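As given, the protein sequences belong to chains A and B, one line each in that order.
Each residue of the first sequence is one higher than the last, beginning at 0 in numbering that gives the first Met the number 0.
Each residue of the second sequence is one higher than the last, beginning at 0 in numbering that gives the first Met the number 0.
No residue lacks a Cβ here, since even glycine has one placed at the ideal position from N, Cα and C.
Remember, it's a predicted structure, so these values are computed and weren't measured experimentally.
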Amino acid sequence: MGIRMTYQEFKEAVIRYAVENQIADYELYYTESESVSVEIFKEEVKGYSTEDSMGICFRCVVNGKAGYASTENRTEEEAKSLVLRALDNADSIESEEKAFIHEQGDTYAVLEENNAAVPSGADLTDAALALQKELYQADSRVADGTQAYMAYSGEKYALCNSNGLDLEDRVACSMCYAMPLVSDGGEMYDGFTNKRGELKDFDLKAIAEEAVEDAVSTIGAESVPSGRYTVIFSNKAMATLLGTYASVFSAEEAQKGMSLLNGKEGEKIAADIITIVDDPLYPDSVIKRTFDGEGVAAYAKNVVENGTLATLLHNLKTAAKAGVKSTGNAGRLSYASVIGVSPYTFYIQPAEKEQSEASDNAVKKTPDGLFALAGEGIYVTELMGLHAGANPVTGDFSLASKGFLITDGKKGAPVKNFTVSGNFFDLLKEVEKVGDDLDFIRGKYGSPSIMVRNLAVAGKEA
Amino acid sequence: MLSKELVKEALMRALATGADYAEVFAEHSLNKNITIISDKTDKIADAVISGVGVRIFKGTRCVSGSASSLAPEALLNCASRVADALTGAAMVQDICLKERLFGDIHPVKIVPAGVSNREKIEYVREACLAAKDYSEEISQVRGSFVEVDHNILIATSEGLFAQDRQIRSRVAVSAIASRDGENQEGGENHGARKGLELFSEFDPKEIGSRASKQAVTMLHAGYIKAGTMPVAIESGFGGVIFHEACGHSLEASSVALGQSQFAGKLGTRIANEKVTAVDDGTIPNSWGSINIDDEGTPAQKNVLIENGILKSYMVDKLNGRRMGMESTGSSRRQSYSFEPTSRMTNTYIAAGQDEDKDIITSIEYGLYAKSMGGGSVNPVTGQFNFAVREGYIIRDGRICEPVRGASLIGKGSEILMNIDMVGKNVARAQGMCGSSSGSIPTDVGQPLIRVSSIVVGGR
Numbered sequence: 000m001g002i003r004m005t006y007q008e009f010k011e012a013v014i015r016y017a018v019e020n021q022i023a024d025y026e027l028y029y030t031e032s033e034s035v036s037v038e039i040f041k042e043e044v045k046g047y048s049t050e051d052s053m054g055i056c057f058r059c060v061v062n063g064k065a066g067y068a069s070t071e072n073r074t075e076e077e078a079k080s081l082v083l084r085a086l087d088n089a090d091s092i093e094s095e096e097k098a099f100i101h102e103q104g105d106t107y108a109v110l111e112e113n114n115a116a117v118p119s120g121a122d123l124t125d126a127a128l129a130l131q132k133e134l135y136q137a138d139s140r141v142a143d144g145t146q147a148y149m150a151y152s153g154e155k156y157a158l159c160n161s162n163g164l165d166l167e168d169r170v171a172c173s174m175c176y177a178m179p180l181v182s183d184g185g186e187m188y189d190g191f192t193n194k195r196g197e198l199k200d201f202d203l204k205a206i207a208e209e210a211v212e213d214a215v216s217t218i219g220a221e222s223v224p225s226g227r228y229t230v231i232f233s234n235k236a237m238a239t240l241l242g243t244y245a246s247v248f249s250a251e252e253a254q255k256g257m258s259l260l261n262g263k264e265g266e267k268i269a270a271d272i273i274t275i276v277d278d279p280l281y282p283d284s285v286i287k288r289t290f291d292g293e294g295v296a297a298y299a300k301n302v303v304e305n306g307t308l309a310t311l312l313h314n315l316k317t318a319a320k321a322g323v324k325s326t327g328n329a330g331r332l333s334y335a336s337v338i339g340v341s342p343y344t345f346y347i348q349p350a351e352k353e354q355s356e357a358s359d360n361a362v363k364k365t366p367d368g369l370f371a372l373a374g375e376g377i378y379v380t381e382l383m384g385l386h387a388g389a390n391p392v393t394g395d396f397s398l399a400s401k402g403f404l405i406t407d408g409k410k411g412a413p414v415k416n417f418t419v420s421g422n423f424f425d426l427l428k429e430v431e432k433v434g435d436d437l438d439f440i441r442g443k444y445g446s447p448s449i450m451v452r453n454l455a456v457a458g459k460e461a
Numbered sequence: 000m001l002s003k004e005l006v007k008e009a010l011m012r013a014l015a016t017g018a019d020y021a022e023v024f025a026e027h028s029l030n031k032n033i034t035i036i037s038d039k040t041d042k043i044a045d046a047v048i049s050g051v052g053v054r055i056f057k058g059t060r061c062v063s064g065s066a067s068s069l070a071p072e073a074l075l076n077c078a079s080r081v082a083d084a085l086t087g088a089a090m091v092q093d094i095c096l097k098e099r100l101f102g103d104i105h106p107v108k109i110v111p112a113g114v115s116n117r118e119k120i121e122y123v124r125e126a127c128l129a130a131k132d133y134s135e136e137i138s139q140v141r142g143s144f145v146e147v148d149h150n151i152l153i154a155t156s157e158g159l160f161a162q163d164r165q166i167r168s169r170v171a172v173s174a175i176a177s178r179d180g181e182n183q184e185g186g187e188n189h190g191a192r193k194g195l196e197l198f199s200e201f202d203p204k205e206i207g208s209r210a211s212k213q214a215v216t217m218l219h220a221g222y223i224k225a226g227t228m229p230v231a232i233e234s235g236f237g238g239v240i241f242h243e244a245c246g247h248s249l250e251a252s253s254v255a256l257g258q259s260q261f262a263g264k265l266g267t268r269i270a271n272e273k274v275t276a277v278d279d280g281t282i283p284n285s286w287g288s289i290n291i292d293d294e295g296t297p298a299q300k301n302v303l304i305e306n307g308i309l310k311s312y313m314v315d316k317l318n319g320r321r322m323g324m325e326s327t328g329s330s331r332r333q334s335y336s337f338e339p340t341s342r343m344t345n346t347y348i349a350a351g352q353d354e355d356k357d358i359i360t361s362i363e364y365g366l367y368a369k370s371m372g373g374g375s376v377n378p379v380t381g382q383f384n385f386a387v388r389e390g391y392i393i394r395d396g397r398i399c400e401p402v403r404g405a406s407l408i409g410k411g412s413e414i415l416m417n418i419d420m421v422g423k424n425v426a427r428a429q430g431m432c433g434s435s436s437g438s439i440p441t442d443v444g445q446p447l448i449r450v451s452s453i454v455v456g457g458r
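In structure tokens:
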């Protein structure tokens with residue numbers, strides 16, 4: 000299938016064909032990644048996998064219309080085909096919104112040199128086996144079917160264009176997943192914890208105990224009577240909900256009538272205590288980025304500030320349509336995807352710790368303080384089936400949930416098999432209290448625990 | 000795609016450190032996705048996916064690797080990298096690769112890649128215009144056409160050398176109805192393991208107006224009051240209930256590790272005697288169909304549950320080793336960069352004996368779920384959930400006003416027992432199923448069924 004070229008050779012060939020076809024405005028986006036993962040079952044390595052992947056996307060802008068083509072096949076013939084496919088696709092675009100190739104002139108953040116050691120396959124295997132041992136030791140009811148998983152992934156993102164931009168970001172991190180299975184009274188219960196960062200920083204015992212506690216704490220859970228409850232969403236549950244509705248903050252969705260936040264900039268869309276931040280350089284994040292999918296500098300901003308919608312997230316196209324500057328949020332789900340809008344590390348700002356401890360007697364420590372404030376209610380720790388049960392276009396959600404009763408201001412018995420229903424836009428306005436326990440899911444979406452009154456819960460007959 | 004000699008050398012390299020089985024999977028695919036917003040093409044994604052995946056087994060241990068290239072050195076490096084994870088002497092001394100041809104039971108008439116964008120755009124545009132024209136309340140319409148031309152090669156140390164070409168097309172329309180700052184959404188789609196002959200089978204106007212009808216109906220609906228009640232679930236995409244509540248728990252990837260509520264239950268009653276359920280990868284030109292699975296095993300029709308008795312799991316080679324079972328032709332992967340595992344193809348509840356009208360009239364107060372959204376399940380606990388896109392209240396045996404915001408939740412093993420009426424007319428619908436080996440096309444299906452009691456989430 001032809002001789003494989005280096006990326007540099009392939010890039011030069013693509014540019015040659017672009018020039019030959021009189022394409023003045025173009026861009027090449029390149030990603031490459033190397034990853035290793037180990038999976039443990041019982042006391043043995045069940046799976047060991049290495050992945051070496053790369054892909055290239057060519058985008059041209061002709062008469063304001065963007066044409067895309069991508070490939071993993073770096074040969075001379077493919078370089079030619081890539082340019083012709085993109086040109087043909089640009090010719091088929093009818094949308095009147097103008098697309099752009101970004102100019103030079105932005106100031107880009109400089110990432111600190113990543114000096115973290117790259118773990119070897121043997122290091123990962125040892126750590127995964129040790130984690131599995133900790134899982135079994137954490138509780139006598141931990142059963143076979145329990146799995147520990149360790150992975151390391153290093154990624155490179157590069158973008159160059161016909162305006163002379165030439166950018167590159169590198170990110171790398173280790174990941175660890177603890178997935179215990181607990182057997183009790185003929186029933187099985189599963190738990191889950193995951194961490195990202197440097198392998199040497201993983202506290203395997205603590206991770207194992209947290210994961211096993213997640214499973215054990217649900218033993219004996221029953222449904223709850225249907226009705227209206229005060230609900231406290233745990234930090235991770237709320238982060239899950241925020242991640243599901245992140246697209247409502249996209250100017251692209253808004254301009255296309257898919258988000259009810261269209262035209263709401265400057266308006267109150269949430270309670271005063273809600274501030275939502277989008278930060279590509281969030282200090283604790285393992286995925287820091289300096290530029291977006293079009294090469295625009297990435298920077299931190301408040302999307303919602305004290306309840307007011309400060310800005311939607313923009314790429315160059317949506318910004319031009321709205322007459323504003325891009326917020327540097329051009330997103331590409333993968334190198335092969337068309338450009339959309341996506342957030343970076345995206346989180347609801349937590350309440351300040353000192354303040355909540357000093358000024359409010361009832362609030363001791365999140366989430367205990369919230370339990371005391373709620374008195375009676377439900378503490379929801381997990382939401383399921385979000386791709387089906389939560390709709391970003393309408394804001395409606397009706398989600399299968401797991402958690403605990405809140406009784407006499409304290410965490411009570413575990414509960415499961417019930418749904419919590421509402422509307423995300425209403426919920427943002429009705430948040431009564433925000434905790435101080437910010438945590439993240441998938442290293443991307445974050446929230447503290449939050450409290451909302453009067454949510455509809457469906458479970459057993461009341 | 001790759002020569003037999005090269006593949007053999009890669010297999011031998013992969014086996015050099017003591018593996019008892021090796022497999023090369025190579026792929027060259029073309030994927031195109033055209034999006035139309037309102038009535039204008041907005042974006043076109045156009046991707047070539049090409050690379051190799053190598054796996055070796057030693058007993059039940061698996062080592063795998065992948066690389067984004069079909070170049071000989073990339074394949075050989077990948078094979079060496081995989082072998083490096085084991086230490087031992089070679090157990091397999093020679094391989095004789097024999098090309099195996101499988102008849103194509105899913106013939107394609109019009110290869111999408113050979114047709115201009117224009118033709119595809121015009122078809123979707125017609126659907127979008129019909130959606131827009133349906134009502135003044137339709138505020139936005141999004142249409143898409145997806146084509147996949149997936150070429151795969153599978154070779155194993157057992158001597159298999161097989162290739163297949165999987166062509167799929169799918170058209171989808173989503174409509175939004177708006178009123179007083181409220182949005183509701185409706186959708187309709189059709190897909191098949193076919194080329195553009197799909198266009199001649201469905202009237203695009205019908206696809207568009209159905210999507211809009213659903214959106215407008217839901218815009219004028221109130222929220223359902225939560226509770227536990229009987230539910231009649233319509234045929235077609237209603238089959239997602241079986242897919243989630245039961246199908247995933249019958250995949251060997253859960254069963255072999257003891258992570259399924261149905262592990263160890265073969266031959267026992269796990270469902271109401273009215274329930275017979277099938278996973279069939281051989282249905283001609285169906286969206287979830289295959290000629291061979293991604294380990295090279297021919298597609299099969301697997302009866303999973305017969306009159307309530309668990310008859311079979313869906314098994315891949317690696318998990319089959321743990322379970323002492325043969326592959327059922329169920330191993331699937333999104334692409335070379337995913338490790339394959341047991342997955343569904345076209346899964347449905349088979350036709351029963353009940354009349355549709357009897358199912359509705361049997362319900363004094365309950366929900367008629369006319370159109371389902373997606374769902375999910377935890378195979379360990381069997382807890383599942385799914386969303387009702389278009390629902391109606393049933394009162395005194397009659398379908399009454401539409402209701403929005405309903406979701407159904409429960410435990411797989413319980414709902415299977417509660418399916419106590421099964422209609423006669425099976426219909427199937429298309430979905431994309433996401434799991435550990437990636438996102439793959441699957442059909443779900445069933446006739447109209449009654450679930451005697453289930454928790455319905457609402458306001």
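| query | result |
| --- | --- |
| Residues near Gly-408 of chain A by beta carbon distance below 6 Å, same chain, minus five either side | Phe-370, Ala-371, Gly-374 |
| Members of the stretch 351–384 of chain B that neighbour chain A once the beta carbon cut-off is set at 8 Å | Gly-372, Gly-373, Gly-374, Ser-375, Asn-377, Val-379, Thr-380, Gln-382, Phe-383, Asn-384 |
| Spatial neighbours of Ala-253 of chain A in its chain, beta-carbon cut-off 6 Å, leaving aside the 5 residues before and after | Leu-260, Asn-261, Leu-311 |
| Where the alpha helix (DSSP H) containing Tyr-347 of chain B begins and where it ends | Where Tyr-347 of chain B is concerned, there is no enclosing alpha helix (DSSP H), although the beta strand (DSSP E) it sits in stretches over 345–348. |
| Bounding residues of the alpha helix (DSSP H) (the contiguous stretch that carries Glu-19 of chain A) | 6–19 |
| Contained beta strand (DSSP E) runs [length at least 3] in the stretch 376–422 of chain B, N- to C-terminal order | 382–394, 397–403, 406–410, 418–421 |
| Whether Val-425 of chain B touches Ala-350 of chain B by CB criterion (8 Å) | yes |
| Chain-order list of residues whose beta-carbon lies under 8 Å from that of Arg-403 of chain B (same chain, five-residue window excluded) | Gln-183, Met-217, Ala-220, Gly-221, Tyr-222, Ile-223, Gly-390 |
| Closest residue to Ala-276 of chain B among B:Phe-241, B:Ser-451, B:Ile-414, B:Trp-286 (Cα-Cα distance) | B:Phe-241 |
| Inter-residue Cα distance where the pair is Gly-58 of chain B and Arg-320 of chain B | 7 Å |
| C-alpha gap between Asp-45 of chain B and Ile-35 of chain B, whole angstroms | 15 Å |
| Classification of Ala-93 of chain B by the beta-carbon crowding that lies within 10 angstroms, buried from 16 upward | Here residue 93 of chain B is Asp; the residue named in the question, Ala, does not match the sequence. With fewer than 16 other Cβ atoms within 10 Å, it is exposed. |
| The stretch 21–38 of chain B in contact with the stretch 140–159 of chain B per 3-pair CB rule at 8 Å | yes |
| Proximity below 8 Å, CB of Lys-428 of chain A to CB of Ile-449 of chain A | no |
| Reduced DSSP category for Leu-128 of chain A - H, G, I as helix; E, B as strand; rest coil | helix |
| Within chain B, partners of Val-337 of chain A - CB distance below 7 Å | Lys-42, Ala-44 |
| Status (buried if at least 16 other CB within 10 Å, exposed otherwise) for Leu-332 of chain A | exposed |
| Other residues of its chain near Ser-452 of chain B: CB distance less than 8 Å, five sequence neighbours each side excluded | Thr-227, Met-228, Pro-229, Asn-417 |
| Where the beta strand (DSSP E) through Tyr-378 of chain A begins and ends | 376–383 |
| In DSSP terms, what Asp-438 of chain A is bridged to | A:Ser-446 |
| Three-state secondary structure (DSSP) of Asn-360 of chain A | Interpretation of Asn-360 of chain A is limited by its pLDDT of 47, a score under 50 that renders its predicted location unreliable; the figure taken from the coordinates is listed afterwards. Three-state DSSP puts Asn-360 of chain A in coil, outside helix and strand. |
| Collapsed DSSP secondary structure at Asp-462 of chain B in the structure displayed | Outside the shown range of chain B (0 to 458) lies residue 462 of chain B, about which nothing can therefore be said. |
| Range of the contiguous alpha helix (DSSP H) that encloses Gly-104 of chain A | Looking at the DSSP string, Gly-104 of chain A is not in any alpha helix (DSSP H), and its letter there is neither H nor E. |
| Contact residues within the stretch 209–225 of chain B, judged by C-beta distance below 7 Å to chain A | Ala-225 |
| Below-8 Å beta-carbon distance, Arg-117 of chain B vs any chain A residue | yes |
| Separation of Asp-435 of chain A from Glu-351 of chain A, as counted between CA atoms | 6 Å |
| Where Leu-180 of chain A meets chain B, residues with beta-carbon distance less than 9 Å | Leu-256, Gly-257, Gln-258, Val-379 |
| Under 9 Å (Cβ pairs) to chain A, residues found in the stretch 20–40 of chain B | His-27, Asn-30, Lys-31, Asn-32, Ile-33, Thr-34, Ile-35, Ile-36, Ser-37, Asp-38, Lys-39, Thr-40 |
| Coil, strand or helix - Tyr-133 of chain B by DSSP | coil |
| Buried or exposed (CB count within 10 angstroms, at least 16 for buried), Thr-155 of chain B | buried |
| Inter-residue Cα distance where the pair is Val-18 of chain A and Ala-318 of chain A | 29 Å |
| Chain A within 8 Å of Asn-424 of chain B, Cβ atoms only | no |
| Those runs of the beta strand (DSSP E) which lie wholly inside the stretch 308–371 of chain B and span at least 3 residues | 345–348 |
| DSSP state of Leu-100 of chain B mapped onto helix, strand, coil | coil |
| CB of Val-81 of chain B within 8 Å of CB of Ser-68 of chain B, strictly | no |
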